[in-house]
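Enquirer: Structure incoming, see below.
There are 2 protein chains.
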Amino acid sequence: MFEVAEIGRKVAKDVYESEIAKLRWELLDAQRRLDGGRTPVIVLFGGVDGAGKSETVHLLNEWMDPRYLINRAFDVPSEDERERPPFWRYWLALPPYGRIGMFMSAWYSQPLLDRVHRDLTGAEFESQLERIATFERTLADDGAVILKFWMHLDKKAQKKRLTALSKDPLTSWRVTKKQWENWRRYDRFMAAAERLIQMTSVAHAPWFIVDGSDERYRSLVVGTELQRALDRVLEPEGVPKPSRKRPRAIAPVTRPSAEPASIVTRIDQEHSILDTLDMTKALPDAAAKTAVLEQQGRLNRSQRKATARDVSLILVFEGWDAAGKGGAIRRVTSALDPRVYRIVPIAAPTDEERARHYLWRFWRHLSRAGRVTIFDRSWYGRVLVERVEGLAPERDWSRAYSEIEDFERQLSEHRIVIVKYWLHITKQEQEKRFNERAASPYKSWKLTADDWRNREKWDAYELAVNEMVARTSTRHAPWHLIPANDKNFARVEVLRIAADALAGAL
Amino acid sequence: MFEVAEIGRKVAKDVYESEIAKLRWELLDAQRRLDGGRTPVIVLFGGVDGAGKSETVHLLNEWMDPRYLINRAFDVPSEDERERPPFWRYWLALPPYGRIGMFMSAWYSQPLLDRVHRDLTGAEFESQLERIATFERTLADDGAVILKFWMHLDKKAQKKRLTALSKDPLTSWRVTKKQWENWRRYDRFMAAAERLIQMTSVAHAPWFIVDGSDERYRSLVVGTELQRALDRVLEPEGVPKPSRKRPRAIAPVTRPSAEPASIVTRIDQEHSILDTLDMTKALPDAAAKTAVLEQQGRLNRSQRKATARDVSLILVFEGWDAAGKGGAIRRVTSALDPRVYRIVPIAAPTDEERARHYLWRFWRHLSRAGRVTIFDRSWYGRVLVERVEGLAPERDWSRAYSEIEDFERQLSEHRIVIVKYWLHITKQEQEKRFNERAASPYKSWKLTADDWRNREKWDAYELAVNEMVARTSTRHAPWHLIPANDKNFARVEVLRIAADALAGAL
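In the order they appear, the protein sequences are chains A and B. First residue of the first sequence: 1, per our numbering; consecutive thereafter. First residue of the second sequence: 507, per our numbering; consecutive thereafter.
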């Protein structure tokens, strides 16, 4: 989930300054239009210490009209607060209609820290998140616009940042012992944060995961998202909208009728998670042959053990056309006992499948305990091809992320190991493979006009993959992005990861 | 919550037969119109054993076209089912688009029984309910119509019914040992059921609590609700709608532009929960004087203890105009230490209050620990006057029930004892009191033109009170319906109940 916020996106100073000039004007204008209306706005900041939460709040206060802004930060509850139910102080702090309230360390802080310090069980933590979800839904039902920014840094970057802050005499006061304690529990913190975001990111109160490492990038993302959300809610009042619109930072809109790309979209497109892969990775044939055999042996041993213990394995293969899914799957299956595995190729749904919820066709293919199921394409079609090709409307594919997350969580709770691969090749490599296919009498059947058409939407697919990873790569069902320009390397990786995952679960 | 299903509503045979003839035709017609569309219908039955779940399913199968009906009942999971995630069997059993699926003992059964037998903690139970809510939301987002009927019997009625079934040689096989075991745990069962219904009754998948004691009444309610739900979803297709519409059984629509009342509404109106009160209750002055003093003494002692232990008390007074709220409140406050209590009269909201969510004004009046707060009218205005007078649109007041439930739950979790009174007088008694007020130079200021106008909507208010009790009378915040034609009796009752509640919580 957080890997997409660790790409190191940056914004150049001159680009930033020209963008900010426009953005500030638009934010001020939106504030003016909010005034007198029935919409309160709640902007909440969460995330890692040192990722720029307070800096961003300061900046927004500088950019906007402070008369219409309310800043709220919450410390340890006072005696007065402890004597009331926990949400009392949050209710009283709500901005009135027409105003924007900025909330730091608000209702998410205590449950998150309590979970990190094991003062809450998983079920208790979820029950507190459920209460928060109810609170936010209550506000949204009343017309509130709610935006939540998760300011992220990876463990190393956080350490660097906390060290830098504590070395500077001007900022050292901001780094407390508690923050270092939290840092030492980074992994637990992120595990709890992942669950928190999954359970509470909903259409009426979405979380935006923001890479906090570059000050200009993170400020631009937060400002842009806020402006977009205000713009959307102000639209119905009939006030003419500014022509410039911006897609969401981690969920950019890529429908055919795309709006002019904003600077944030352009940056995200130029630095997608796929661009972080080292596409030069390769293995010579001889080394690959040995490595494949070795990994197949490991996988076979783990699979036998898993079968004996009723642990199942699900492998999901997604990737560009001609990325080598079929070849990789064959290397996997030849390592498995044929009685225990099944390949489920996902093509167009049957009549029976079309007459039900789109997840029904995947539920029905779940195997018994101790089996291996290989999905050649999968439920992710909803947020890839159906999204990009406009086969599903946005309201359908945009809620598929949480539906999928819930589906995979149920599998993993039932002792099913889930491994998801995206086989990545470059656009050039794909073209080469298409041409080879076209020239080969044995392979030309594989190539259709659709394949060439899909290439034209490469950028849209890339954004869709980026959002898919952001929203559905979880601890219990992680995405593995495999550089697959070299088939040898990709096949060994696929085998190694499957064997690792299964061995790790036993 | 369940008291409204214990009134013993009945339908006469001839009325039933003429209603059913129309209903069956409409249900068949709705099935025909569903066919070929994108809407699957899920009808789920839960509730108390012996309250008519299976009889109702049989009946619906008789009434409707069985080719478009799918019946599902779930037993202990098979080996095949146990090897998949728990929801696998429910997913596979879903009806296709255009069909109706009837579910008995489905996804709610196991969590409920596990909670009753203490195999689940409260938090674990809620986390399973949350999973169910996610499942149902996923289906509803895909267009499914979901109706859930809770077939209810009180403890005595259930015993009688189980005994009758087991004595008849033709039905004795239907009563198992397990059902008697469940009966012995009746109170726990109902406590868990209350939480279950609160957490999972939502607009897109509502629960209907049905009095199961009269076969004709319960069949009519279930059939009518199903027909109404189908009618509502089929409407947008442009097929002309039958002119006859029916309000919900436990949530009858009472807006000014009310549709012609259905038989179910008429029965519910004639037998509302308020009609079950014994309005002849009275106390002579001398006895009342002693009793008031006695109860005031009890309340005072409990209040002192509560204050010392930081336990708060909230008393909510609602009732008809001139029902005697003021007098009752004065009897309460004279028993309390003036440093600890506060009366909050609820009239029109201030500007500041109007600029925020309607619950904000009540949150702000929460006292510190160990205090007593008396609300003279309350947050229930939303579902009483604002509903009946059309001051809040239906979408606002209809979600207020769950918002209120959540609010009160937070209070009660924070060691605040909540007691809610509805002071009930008859329409005749109110007229008498109005006339007395009009004639009295000291009281005529209390009487406004509004008071006379409100009387005209007596029936609408009565239905609103009935639904309010059904939806918000909970174990932690029960409604007490007080016969108040006799002021003496009402005042003693109010004091006694407050003293009991506080003593019980200490």
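All residues carry an ideal CB built from backbone N, CA and C; glycine is no exception.
Is the CB of H863(B) under 8 angstroms away from at least one CB in chain A?
Expert: So yes, H863(B) belongs to the interface.
Enquirer: Going by DSSP in three states, E589(B) sits in which element: helix, strand or coil?
Expert: Looking at E589(B) - three-state DSSP - the assignment turns out to be coil, as it is neither helix nor strand.
Enquirer: Counting only beta-carbon atoms, is Q916(B) nearer than 8 angstroms to chain A?
Expert: By this cut-off, Q916(B) is an interface position.
Enquirer: What does DSSP give as the partner residue(s) for R72(A) in the beta ladder?
Expert: DSSP lists F103(A) as partners of R72(A).
Enquirer: Taking Cβ positions, are S127(A) and S678(B) nearer each other than 8 angstroms?
Expert: No.
Enquirer: Helix, strand or coil for T373(A) per DSSP?
Expert: In the structure shown, T373(A) sits in a strand (DSSP, three-state: E or B).
Enquirer: Shorter than 8 angstroms from the beta carbon of E743(B) to some beta carbon of chain A?
Expert: Per-residue confidence for E743(B) stands at a pLDDT of 47, beneath the threshold of 50, marking its modelled position as unreliable; no derived number is given.
Enquirer: Can you name the residues of chain B whose CB is closer than 9 angstroms to the CB of H117(A)?
Expert: Chain B residues near H117(A): none, gap ~17 angstroms exceeds 9 angstroms.
Enquirer: Who are the near neighbours of F362(A) in its chain, counting only those whose CB is closer than 6 angstroms to its CB and skipping five residues on each side?
Expert: W379.
Enquirer: Can you tell me which of A355(A), L120(A), W207(A), L447(A) puts its alpha carbon nearest to the alpha carbon of W150(A)?
Expert: Minimum Cα distance to W150(A) is reached at W207(A).
Enquirer: Just checking my contact of K665(B) with W689(B) at CB under 8 angstroms: how many whole Å lie between their CB atoms?
Expert: Yes, they are in contact, since the Cβ atoms of K665(B) and W689(B) sit about 6 angstroms apart, within 8 angstroms.
Enquirer: Give the secondary structure of S257(A) by DSSP, where H, G and I count as helix, E and B as strand, and everything else as coil.
Expert: With a pLDDT of 33 at S257(A), under the threshold of 50, the modelled position of that residue is not reliable, and no figure is offered here.
Enquirer: Here's a check: name, in chain order, each residue in its chain whose Cβ is nearer than 7 angstroms to the Cβ of M64(A), leaving out the five neighbours to either side.
Expert: L27, L28, Q31, listed in sequence order.
Enquirer: Could you tell me how far apart the beta carbons of E124(A) and R475(A) are, in whole angstroms, since I believe they sit closer than 8 angstroms?
Expert: Incorrect: roughly 19 angstroms between the Cβ atoms, too far for contact.
Enquirer: With distances taken from CA atoms, which of S873(B), A794(B), G607(B) is nearest L819(B)?
Expert: It is S873(B).
Enquirer: For the alpha helix (DSSP H) containing E512(B), name the first residue and the last one.
Expert: Here E512(B) belongs to no alpha helix (DSSP H), and DSSP marks it neither H nor E.
Enquirer: Quick check on this structure: which residue in G729(B), T669(B), A697(B) has the alpha carbon closest to the alpha carbon of W686(B)?
Expert: Comparing Cα-Cα distances from W686(B) to each of G729(B), T669(B), A697(B), the minimum goes to T669(B).
Enquirer: For the stretch 911-967 of chain B, which segments carrying the alpha helix (DSSP H) assignment without a break, of at least 4 residues, lie completely within its bounds, in sequence order?
Expert: 933-945, 955-962, all fully within the stretch 911-967 of chain B.
Enquirer: Look up P345(A) in the DSSP assignment and say whether it is helix, strand or coil.
Expert: Reduced to three states, the DSSP call for P345(A) is strand.
Enquirer: So, is the C-beta of E403(A) closer than 8 angstroms to a C-beta in chain B?
Expert: So, interface residue.
Enquirer: Locate the alpha helix (DSSP H) running through L732(B), then write down its first and last residues.
Expert: First-last of the alpha helix (DSSP H) with L732(B): 721-740.
Enquirer: State the CB to CB distance for the pair I513(B) and D720(B), rounded to an integer number of angstroms; the pair is presumed to be in contact (CB under 8 angstroms).
Expert: Going by Cβ atoms, the distance from I513(B) to D720(B) rounds to 10 angstroms, so no, they are not a contact pair.
Enquirer: Assign V745(B) to buried or exposed, taking buried as 16 or more other Cβ atoms, counted over all protein chains shown, within 10 Å of its Cβ.
Expert: Its pLDDT being 44, under 50, V745(B) is placed unreliably in this model, and the value from its coordinates should be taken loosely. By the neighbour-count rule (16 or more Cβ atoms within 10 Å), V745(B) is not buried but exposed.
Enquirer: Answer with yes or no whether the minimum CB distance from T856(B) to chain A is below 8 angstroms.
Expert: Taking Cβ atoms only, chain A never reaches closer than 8 angstroms to T856(B), which makes this a no.
Enquirer: Rounding to the nearest angstrom, what Cα-Cα distance links R915(B) and Y401(A) in this structure?
Expert: Taking the straight line from one Cα to the other gives about 31 angstroms.
Enquirer: Any idea what DSSP makes of P718(B), helix, strand or coil?
Expert: As written in the sequence, residue 718(B) is Gly, which differs from the Pro given in the question. In the structure shown, G718(B) sits in coil (DSSP, three-state: anything other than H, G, I, E or B).
Enquirer: How close, in whole Å, do the beta carbons of I346(A) and G381(A) come, if the pair is a contact with beta carbons under 8 angstroms?
Expert: Sure, about 6 angstroms apart at Cβ, within 8 angstroms.
Enquirer: If we cut at 8 angstroms on Cβ distances, does R195(A) have a partner in chain B?
Expert: No, its Cβ sits nowhere closer than 8 angstroms to a Cβ of chain B.
Enquirer: Would you be able to state if there are at least three C-beta pairs under 8 angstroms between the stretch 93-106 of chain A and the stretch 887-896 of chain B?
Expert: Counting Cβ pairs under 8 angstroms, fewer than three are found: no touch.
Enquirer: Could you give the C-beta distance for K963(B) and V894(B), rounded to a whole number, given that I count them as a contact under 8 angstroms?
Expert: About 5 angstroms separates the two Cβ atoms, so the contact holds.
Enquirer: Answer with yes or no whether the minimum CB distance from A629(B) to chain A is below 8 angstroms.
Expert: True, the Cβ-Cβ gap to chain A drops below 8 angstroms.
Enquirer: With a threshold of 8 angstroms between beta-carbons, can L872(B) be considered close to chain A, or not?
Expert: True, the Cβ-Cβ gap to chain A drops below 8 angstroms.
Enquirer: So, using beta-carbon positions, are A322(A) and R433(A) closer together than 8 angstroms?
Expert: In contact: A322(A) and R433(A) (Cβ atoms closer than 8 angstroms).
Enquirer: Which residue's Cα is closest to the Cα of V494(A): I482(A), W107(A), R364(A)?
Expert: Checked all of I482(A), W107(A), R364(A); the closest Cα to V494(A) is I482(A).
Enquirer: Helix or strand or just coil, what does DSSP make of S165(A)?
Expert: For clarity, residue 165(A) is Leu in the given sequence; the question names Ser instead. Correct three-state label for L165(A): helix.
Enquirer: Taking 8 angstroms as the CB-CB limit, is S127(A) close to chain B?
Expert: Yes, S127(A) counts as interfacial toward chain B.
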